[in-house]
Structure formats: structure tokens, C-alpha cells
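In what follows, a structure is listed as C-alpha cells, so that the remarks can point back to it.
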Amino acid sequence: MSVPDRRPCFITTPIYYVNDKPHIGHAYTSLAADVLARWRRMQGREVFFLTGTDEHGQKVEKAAKDAGQDPQAFTDRVSQHFRDLAVTMGFSIDGFIRTTEPRHKHACAVLWEKLAANGEIYLGDYEGWYAVRDEAFYGPDELTESDGVKYAPSGAPVEWVKEPSYFFRLSAWGDRLLKFYEENPDFIAPASRRNEVISFVKAGLGDLSISRTSFRWGVKVPGDESHVMYVWLDALTNYITAAGYAADEAKFAKWWPAEIHFVGKDILRFHAIYWPAFLMAAGLEPPKRVFAHGWWTNEGQKISKSLGNVIDPVALVAEFGLDPTRYFLLREVPFGQDGDFSRAALVNRNNGELANALGNLANRTLSLIQRNCGGALPASSPRAPGDAALGALVDALPATVGAHLDRQEYHLALEAVMAAAREANGYITVEAPWALKKTDPARMEAVLRHLHDALRVFATVLQPFMPATMGRLLDQLGVPEDARGLDALATPLPGGLALPPPAPLFARIEATA
Ligand code: ME8
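For the record, in the sequence shown the residue sitting at position 115 is 115 according to my numbering, with numbers rising by one throughout.
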């Protein structure tokens, strides 16, 4: 028997800019992290699931100014929306970090001093292009021009910046980064993104400006307070601050390196190039993995404030319910690829897969147990040949789902459950347990028990995706609260267990125009 893996694991989301309210993209990244965190806990791992807000820099300073508020008061207010989002979306976070917290400023200062002591930082002058919207520097060859305005590849307008600046010797890290990527093939996922990063690094890295002097809203550079740290150095440091860096050695040793940073493809360069370079330069280990997922569009259009088509996750949950929303976001689009949000697609997934394939299966099975078995769970019985195909799928399911989640293949994990649910629906039709009551009650009981066993496995492995609804299903299946982990699946429920009357799990949604 293999030894269970009990290592602690640290799972992070990006820390989101507090320039505006959260939207579907923010909810999506954190949802993926939440599902993995919940799965790891079910495996018996100790998890630290972190999210938070990125509160410094020119972009946030400008948003505060536009709102007519002092930056701290502004960030206090907007950061709260992201905390609220975690509640609305059912995120099982263990920590929430804000970059304006003293513990974080301290960690930034210690990291800076370490980099300086290691000879990785020098003072110079920065002259070049900067996009406030991306908080990123761009080379002239990366820009396009339209109507006299220059734009970064992200579409953000750039401005010319010329000011004294500290630099990080990134140019010296190219070869070591390439070696690191080679030795750690799982560091960047998905694979297509890994190749992009490698080509970018191979093309040659320049030194990186890591301080600014033309505004004040940032972490002060230790020993030279006329500079504030570049917001990305500040922001990336959040991950080690929260893990205890420069504050609690034992805590840091426990959680670092992170198992995975979840990010969108827009910020992969920062996480896969700058971040491991900063860490290695400070003598620290890089995270084990960075997963860059794709971009959501809305009914085929780019999501943007100016188009007025921003999808509000709170409204979505209010309209469709939390668990159908969570299910849809991870089911519809292969994680890593771009995807289009469409109401019709959400309604189809809800009605076809949740309400029909899963909800009806549970309802039919449990209603038959109520009616034909007096609400008592039939005893386990050996599998007959007709039970083998479903049995094999069900037995394999926890390992299949686990293997997909280890690779962040959420859609494949859900497809595997749906394939087994389709098999179970075929099985109930073929076996027709409702017709067996008179002809072969023993076989009826066996069939209902096999279906109940299958539903228990489906509900158990789907808990990370739809915690509340699968909790209700497990209640209806009579599974005690302390028997809902993966290990508990090895112990069958006792025959004769009294089951409560079933209630529908998912509502069908009428398609609207
Ligand atoms: O970049 N589709 O914060 P941010 C999918 N503060 N995901 C999307 C999305 C979309 N249309 N729009 C946003 C920052 N996201 C920095 C991060 S980390 C040390 C600092 C998600 O508020 C996606 O995860 O701009 C993207 O990477 C993130 O929101 C950007 O959030």
C-alpha cells in the first residue's frame, strides 16, 4: 500500500488590484484555487489557501484620486469587496493579505535588503515606456501605435517615464532561469505557456527597474525613502509574507515553497520570470508551479468597463445559484484555454448535467428506496455481471478525479464524473428497479444499493466543486458528516440505515432570451 501524502500545501490566487470591484475573472481564478484546496483537504493534506489585495502603485493611487478618496481609505473600502466575494463564492480561504499591512511592508524591506546585500540591486536612471494599467515596463519593439498613442500588447496605453531608479540584475539570471525551467518541467503550466516563457527568456532579459520616484503610494525602499518599490516586487512578495517570511521561520519552513500559484495568462511573465529570479537571488526556493489560465469573454466580446459588459459574480450567483455557477465555470472551458461566457451554455450545463444527469438520478434512486424499501438503505451485495461496467467506473473515479486535479484539468475531472453519471442513468433504465419490486425484490435491492454506492462516490468527489449541494446530497444519502472524505469511501454504509426523504438538488432553469 502506498503511504498517504500528508505534506502541507500552500495554494495562492493573485492578489487583486483594488482599483475596481471584483468581476468574473477574479472569481474564476480563486474558484480554481478553492477547488484544489478543498480536494487537498479531503486527501488529508494540511492546506493554507491564500488570497488578498494588491493595494499600492500608480493605478490604485489614480483610482483613489478619481474616487476623491485618500488611497488608504479607498483601498480599505475596495479590499472589502474582495473579502465579500470570497464569502459569496464559498471560497474556503485560510488567509487574506493586503499589501498595505505592516507585516507585508516588513517582509518587502527584508527581501530588498537581502537582494541588496547579495549585490543584485544597483542605482541608475530608468528611461522608457510604462503602462500604468498593467503596472509594467515595455520595450519599444513591443509597442504598436494608433492615433499618436502608443499601446502595449495588452492594449494598455503607455507613457514615457524618466526618473532615478534602482535596478534588479535580471539580465544575469537568464541562464539560471532556463536551467530551472528545464529541471522543473512542471513549473509552468499549461505547456504552451511554458514554451512562450522560455522563448521570451531566450531572447535575452534586460535589468528590471524596481523602484519609482515620481509618486509616493508604495512601500518605501529601505535606506532611500525617496523611492517606493516597484509595485510588482511589492505584490509578488505577498506570497512569502503570508507564509511567514522574515517573521516566523518555522511557519515559513512549513509552507514555502508554495505548491501552486494560480494566475491569469496576463500576469504569467511576472510570476514565471521575475518572481523565481527574485527568490533565487535572495537564496529562496521558487514556488513549485505556476498555472496560467485563459481569458473569459462575454458572449464573444472582450470584457471591459468601457463596453459595459463586465460580469458581476454576485449577480450571477443571485440569478443561477452558487453551485451551478461554480460548476459551469470549471466545466465549460478547459482550464488554461480562453473561454466564452454565455447564458445559454450555463443553462444547458445546469439543465442537462446537473438537473438531469445527476439530480434526477439521485431523486429517482432515493425515491425508490423510500417507496420500495421503506426508506432503509439496502445491504451491500456482490456485483452481478450487469453491475460490472458501472462498478468499474465508480471504483476508478476518485483516482481519476485526483489525477486530473493534480494537473488542474478541472473540465476532465468533471467529465469523468459525468461519464459515470451517464452510465448510471443507462444502468437504471436497463435494470428498471421499479419493475423488479414484484418479480425480484432481492435484485431490486441490489440495483438500488449499487446506485446508492455510485451516488455516494459522485457526491464525495464533487464536494470541492459544489460544496453546499453535495453536502445536501450526502445528507440525503445518509452519509455521516465524518465519513465524507476520500478515505471513508473504503467503508460501506451499513444496510438498514434510515434515509431521509429526498428533495430535488438542482432546479431547471428556463432559457431566457
Ligand atoms: O494583475 N478572464 O491584479 P488584477 C479570466 N494585482 N481571468 C481574469 C479576467 C478575465 N477576463 N480578468 C481578470 C493583478 N482575471 C495584480 C496581481 S499577483 C502578485 C498581483 C483574473 O486585479 C486573472 O487571474 O488585474 C488575472 O491574472 C487577474 O484576475 C488579474 O487581476
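Every residue, glycine too, gets a C-beta built ideally from N, C-alpha and C.
Check	Outcome
Reference Glu285; option with closest CA among Phe180, Ala131, Ala344	Phe180
Arg103 (DSSP reduced to helix, strand or coil)	helix
Same chain, Cβ closer than 6 Å to Arg443, neighbours up to 5 away in sequence not counted	Leu436
Backbone CA spacing between Asp475 and Gly206 [nearest angstrom]	58 Å
Ile369 to Trp255 span [Cα, whole Å]	47 Å
Any 3 or more C-beta pairs closer than 8 Å across the stretch 231-250 and the stretch 111-129	yes
The beta strand (DSSP E) enclosing Trp129, as first and last residue numbers	121-131
Bridge-paired residues (DSSP) for Asn298	Gln301, Phe341
Whole-angstrom distance between Lys438 and Ala515, CA atom to CA atom	Nothing can be reported for residue 515: it is not among the residues displayed for the chain, which extend from 1 to 513.
Cβ separation of Val161 and Leu177, assumed to be a contact under 8 Å, to the nearest whole Å	The Cβ separation is near 26 Å, so there is no contact.
Proximity of Pro532 and Leu486 at Cβ, strictly below 8 Å	No information on residue 532 is available, as it lies outside the stretch 1 to 513 that the chain covers here.
Coil, strand or helix - Leu330 by DSSP	helix
Cα-Cα separation, Gly128 to Leu268	22 Å
Within the stretch 437-480, ranges of the alpha helix (DSSP H) (whole runs, at least 4 residues)	441-462, 467-476
Phe167 versus Ser209: straight-line alpha-carbon distance, rounded	4 Å
Spatial neighbours of Arg6 in its chain, beta-carbon cut-off 8 Å, leaving aside the 5 residues before and after	Gly44, Arg45, Glu46
The stretch 76-88 contacting the stretch 492-508, beta-carbon criterion three pairs below 8 Å	no
Identified DSSP bridge partners for Thr144	Tyr151
Close-in-space but distant-in-sequence residues of the same chain around Ile11 (CB under 8 Å, 5 per side omitted)	Ala33, Leu36, Ala37, Arg40, Val47, Phe48, Phe49, Leu50, Ala258, Glu259, Ile260, Phe262
Cβ-heavy atom distance, His104 to ligand 1, below 7 Å	no
Beta-carbon proximity of Pro464 to Met42, cut-off 8 Å	yes
Segment contact flag, the stretch 11-29 with the stretch 58-70, C-beta cutoff 8 Å, min 3 pairs	yes
Per DSSP, the bridge partner or partners of Met229	Ser211
Three-state secondary structure (DSSP) of Val401	helix
Extent of the continuous alpha helix (DSSP H) to which Ser367 belongs	361-373
Trp217 beta carbon near ligand 1 (any heavy atom closer than 7 Å)	no
Integer Cβ distance of Val514 from Tyr126, believed to fall under 8 Å	Outside the displayed span of the chain (1 to 513) sits residue 514, for which this structure offers no information.
Whole-number beta carbon distance between Leu115 and Phe514, since they are thought to touch under 8 Å	Outside the shown range of the chain (1 to 513) lies residue 514, about which nothing can therefore be said.
Which of helix, strand or coil DSSP assigns to Leu36	helix
Assigned exposure category for Ser517 - 16 Cβ within 10 Å defines buried	The chain is shown from 1 up to 513; residue 517 falls before or after that span and cannot be answered.
Asp134, buried or exposed, once every other Cβ within 10 Å from all chains shown has been counted against 16	buried
Length of the line joining the Cα atoms of Glu409 and Ser214	44 Å
Contacting residues, own chain, Cβ-Cβ under 7 Å from Leu390 (five flanking each side not counted)	Glu423, Ala424, Tyr427, His450, Ala454
Same chain only: Cβ atoms within 6 Å of His271, ignoring 5 sequence neighbours per side	His261, Val263, Val290
Local Cβ density within 10 Å of Pro71, reported as buried at 16 or more and exposed below that	buried
Three-way DSSP call (helix, strand, coil) for Gly95 in this model	strand
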